[in-house]
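Per my numbering, the sequence shown starts with residue 36, numbered consecutively.
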Amino acid sequence: MRDGEMEIFESDIFDRIMKYFYKAYNNAGDRSIFRNDISEAKKIISEEIPEFPTGIAEIVENVFSIIEHGECNFLSPRYYGYITPRPLPITIIGDWISLIGNQTPGAWRGGPIATVIENTVIQWIAQFVKYEMANGSSPQGIITSGGSMSNLTGLHLARNNAVERGGTLANIRYYICETAHLSIYRSLSLLGAFEDNICVIPIDCNQRMNTLILRKQIKEDILKGFFPAAVIATYGTTSVGAIDDISTIKEISMEHGLWFHIDAASGGAYAGIDFYIKEYGSLNVGNSVAIDPSKWLFSSFGVGCLLVYDPAELKKAYSISSDYWENESEADNFQMSFICTRAWRSLGVYMAFCQLGVSGYYAIFDKLSSLADTLMNEFEKIGCLVLRGSKLPILAYKIPKYDDSFHKCMIEEAITLNIAYMTHVNIGGNLYIRVALSNYETNEEDIIKLIEFTKKCIESGSYTC
Ligand SMILES: Cc1ncc(COP(=O)(O)O)c(C=O)c1O
């Protein structure tokens, strides 16, 4: 044991950290939604690397005093930005426990129980979103670091599949919607795609991929000598939560033997609900599906999941081993993913599923969707133009008589007054204010504050209240 290592257990540091944890969660709504006093923090952070050791208690206090100068307060019930939820405290506890023994679920010998739990979590996620094989069993997948990495992994399989079917890097074409998440563009670029390899399909009047154009475009491309590789649909666009017509897109991809990847990073958590299956179709149709527990499964950041209908595709893509690794009969997870040594991020997800159960999650989803319904109705009543792509609790609104800069100032003012943290989104050349409800603690009283604020802005013609 190194000198001083045990100091951490002898002091009251854990007590102090637990108090900090408690205060952060307990008073989240009273703290500013956004604080950014970097200059104050910089006064405390030494520019020079420390020459001599410092006691752990002092370091912890110092860190507390630094971080209080800047916070994007995701824990606040009036935080409506991006899709960055208040993480369930149990997911943080899970992360912490998983780090204590530094287990890795990448390999059986690096973490036997971590691997068992990780594989269970993949199965539970598949069950939760009802991504099932014809016989009712769950397909496999892999835990990743988030939605972007899940998309990259799924699209890697799509590209390999196209090349196996006879395509080349020069002639393959991916079909994505104009509203696709930026991680789709980035992934395709990493996989060797250039402009000519990517066909951007416009949206229809419901903010979904226009499937008539998709069908026509694929046929035209084949005649031009392109090799259609994959269609990428979105289950919950980042801007307004639109869900592409995945049943029709599956039909089209099957007509031409294309890989079908569904980016369900945003809305996937809702996909197992009967209403969603009836209204928007089942995720089952995807060859690969990206899911992001760090969104509406309320896990701390940094844990994603890719579900694949045929896990052999993952093994084909990543089974390459090395002389330093003795292969055992049991497949290791690192042989199904790009990253070798990974943190055990699925433990928090496991514990969250245990804490809430499916019914607990569904109760939260119901609440958030109905709050979004109220927001939408009230905004429309006061003359706002509202865009909402599905029942998912995301919407975008604007006041028709005011210009973009007025809306941007409204966003700033709402943050300053601690009324709401919102973002803006450009739709069809117009700036809208975007609201995403992803905090399970948000209640009616919170959204009433936003409705009242918007009303005042309309009535007074000014964004300053
Ligand atoms: C639809 C969609 N896909 C992918 C991502 C990327 O996820 P991550 O930020 O976890 O990489 C996001 C993030 O908001 C998203 O909304």
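All C-beta atoms in this analysis are idealised placements derived from N, C-alpha and C, irrespective of residue type, glycine included. Since this is a predicted model, take the numbers as computed values, not measurements.
V421 by DSSP, collapsed to three states: which one? Counting from 1 along the sequence shown, the entry for residue 421 is found at position 386. V421 falls in the strand class under three-state DSSP.
Going by C-alpha distance, which of G176, V324, S111 is nearest S67? For this step, residue 67 is matched to residue 32 along the sequence shown. Per the Cα distances, S111.
Report all residues from its chain with a CB closer than 7 Å to the CB of I84; omit the five preceding and five following residues, and keep chain order. Taking the first residue of the sequence shown as position 1, residue 84 is located at position 49. Here I84 has no same chain residue with a Cβ atom under 7 Å from its own Cβ, once five neighbours each way along the sequence are excluded.
In angstroms, rounded to a whole number, what distance separates the CA positions of M36 and F44? Locating residue 36 in the sequence shown gives position 1, counting from the first residue. Locating residue 44 in the sequence shown gives position 9, counting from the first residue. Low per-residue confidence applies at M36: pLDDT is 48, beneath 50, and the placement is therefore not dependable, though the value from the model is reported in the following sentence. For M36 and F44, the distance between alpha carbons rounds to 13 Å.
Starting from H296, trace the beta strand (DSSP E) both ways and give me its first and last residue. For the purposes of this step, residue 296 is identified with residue 261 of the sequence shown, where counting begins at 1. It spans 294-298 - the beta strand (DSSP E) in which H296 sits, taken as one unbroken run.
Given 8 Å as the limit, is there contact between the stretch 331-343 and the stretch 133-153, that is, 3 or more CB pairs closer than that? no
Host alpha helix (DSSP H) of E290 (start-end): Here residue 290 is taken as the residue at index 255 of the sequence shown, counted from 1. E290 -> alpha helix (DSSP H) spans 281-290.
Among I73, S74, I94, which has the Cα closest to the Cα of I48? Here residue 48 refers to the residue found at position 13 when the sequence shown is read from its first residue. The shortest Cα separation from I48 among I73, S74, I94 belongs to I94.
If you draw a straight line from the C-alpha of S440 to the C-alpha of F400, how long is it? The sequence position of residue 440 within the sequence shown is 405, counting from 1. The sequence position of residue 400 within the sequence shown is 365, counting from 1. The straight-line gap from Cα to Cα measures roughly 33 Å.
Please classify P88 as buried or exposed, where buried requires at least 16 other C-beta atoms within 10 Å of its C-beta. As a position in the sequence shown, residue 88 is number 53, starting the count at 1. Per the 10 Å Cβ criterion, exposed.
Consult DSSP for R70 and reduce its assignment to one of helix, strand or coil. For the purposes of this step, residue 70 is taken as residue 35 along the sequence shown, with counting starting at 1. Here R70 sits in strand by DSSP.
Can you grab the Cα-Cα spacing for the pair A471 / I429, in whole Å? Here residue 471 refers to the residue found at position 436 when the sequence shown is read from its first residue. Here residue 429 refers to the residue found at position 394 when the sequence shown is read from its first residue. Near 4 Å, if we compare the C-alpha coordinates of I429 and A471.
For ligand 1, is there a heavy atom less than 7 Å away from the beta-carbon of H442? Residue numbering aside, residue 442 sits at position 407 when the sequence shown is read from its first letter. No - ligand 1 has no heavy atom lying nearer than 7 Å to the Cβ of H442.
Span of the alpha helix (DSSP H) holding A1? The structure shown does not extend to residue 1, since the chain spans only 36 to 500, so no value can be given for it.
Quick check: is any heavy atom of ligand 1 less than 7 Å from the C-beta of D367? As a working mapping, residue 367 is identified with position 332 in the sequence shown. No; taking the cut-off as 7 Å, the Cβ of D367 has no heavy atom of ligand 1 nearer than that.
Quick one: residues in its chain with C-beta nearer than 6 Å to the C-beta of T458, no 5 flanking neighbours on either side, listed in chain order? Here residue 458 is taken as the residue at index 423 of the sequence shown, counted from 1. Taken in chain order, the residues that qualify are G116, R469.
Beta-carbon contacts of G146 that lie in its chain and below 7 Å, excluding the five residues immediately before and after: One-based indexing of the sequence shown puts residue 146 at position 111. So the list reads Q138, T139, P140, W379, once near-sequence residues are dropped.
Once the 5 residues before and after P122 are set aside, which same chain residues still bring their CB inside 7 Å of it? Within the sequence shown, numbered from 1, the residue matching residue 122 stands at position 87. Closer than 7 Å at Cβ, skipping near neighbours: F333, S334, S335.
Does the Cβ of T118 lie closer than 7 Å to at least one heavy atom of ligand 1? Taking the sequence shown and counting its residues from 1, the one referred to as residue 118 is at position 83. Contrary to the premise, residue 118 reads as Ile rather than Thr in this sequence. Residue side-chain check: I118 places its Cβ nearer than 7 Å to a non-hydrogen atom of ligand 1.
According to DSSP, is E479 part of a helix, a strand, or is it coil? Indexing the sequence shown from 1 puts residue 479 at position 444. Helix.
Run the proximity test for A543: is its beta-carbon closer than 7 Å to any non-hydrogen atom belonging to ligand 1? Residue 543 lies beyond the stretch modelled for the chain, which goes from 36 to 500, so this question has no answer here.
Same chain only: Cβ atoms within 8 Å of F69, ignoring 5 sequence neighbours per side: To locate residue 69, count along the sequence shown from 1; it is residue 34. The residues are E106, C107, N108, I450, Y456.
Cβ contact (3+ pairs, closer than 8 Å) linking the stretch 295-305 and the stretch 212-219: yes
Going straight from the alpha carbon of L318 to that of A169, what length do you get? In the sequence shown, the residue the question calls residue 318 occupies position 283. In the sequence shown, the residue the question calls residue 169 occupies position 134. Taking C-alpha positions only, L318 is separated from A169 by approximately 13 Å.
Near ligand 1: H216 beta-carbon under 7 Å from a heavy atom: The residue you call residue 216 lines up with position 181 of the sequence shown. Correct: H216 has its Cβ closer than 7 Å to ligand 1.
Here's the rule: buried if 16 or more other CB atoms are within 10 angstroms of the residue's CB, otherwise exposed. What is G229? As a working note, residue 229 is residue 194 in the sequence shown. Per the sequence shown, the amino acid found at residue 229 is Phe instead of Gly. Exposed.
Taking the CB atoms as reference points, tell me whether I118 and S473 lie closer together than 8 Å. To locate residue 118, count along the sequence shown from 1; it is residue 83. To locate residue 473, count along the sequence shown from 1; it is residue 438. It is a contact, given that the beta carbons lie within the stated cut-off.
Quick check on the DSSP output: the beta strand (DSSP E) that includes T246 runs from which residue to which? On the sequence shown, position 211 is the one that residue 246 refers to. Counting along the chain, T246 falls outside any beta strand (DSSP E), though it belongs to the alpha helix (DSSP H) covering 246-259.
In the DSSP assignment, what residue or residues form a beta bridge with V266? For the purposes of this step, residue 266 is taken as the residue at position 231 of the sequence shown. The beta-bridge partner set that DSSP reports for V266 consists of Y210, F295.
Under 7 Å: does the beta carbon of D279 sit that close to some heavy atom of ligand 1? The residue given as residue 279 occupies position 244 in the sequence shown. Result no, Cβ not under 7 Å from ligand 1.
Between S405, G424, S495, Y385, which has its C-alpha nearest I132's C-alpha? The residue labelled residue 132 in the question sits at position 97 within the sequence shown. Closest option to I132, Cα to Cα, is Y385.
What's the C-alpha gap between I19 and Y467? Outside the modelled stretch of the chain, which goes from 36 to 500, sits residue 19, for which no answer is possible.
When you compare the stretch 407-415 with the stretch 177-187, are there three or more beta-carbon pairs, one atom per stretch, that lie closer than 8 Å? no
Whole-angstrom C-beta distance between I177 and L349, which should lie under 8 Å: For the purposes of this step, residue 349 is identified with residue 314 of the sequence shown, where counting begins at 1. For the purposes of this step, residue 177 is identified with residue 142 of the sequence shown, where counting begins at 1. Rounded, the Cβ-Cβ distance is 6 Å, consistent with contact.
Candidates L422, I312, I482, Q252: closest to Q242 by CA position: Position 207 of the sequence shown, counted from the first residue, corresponds to residue 242. Nearest option by C-alpha distance: L422.
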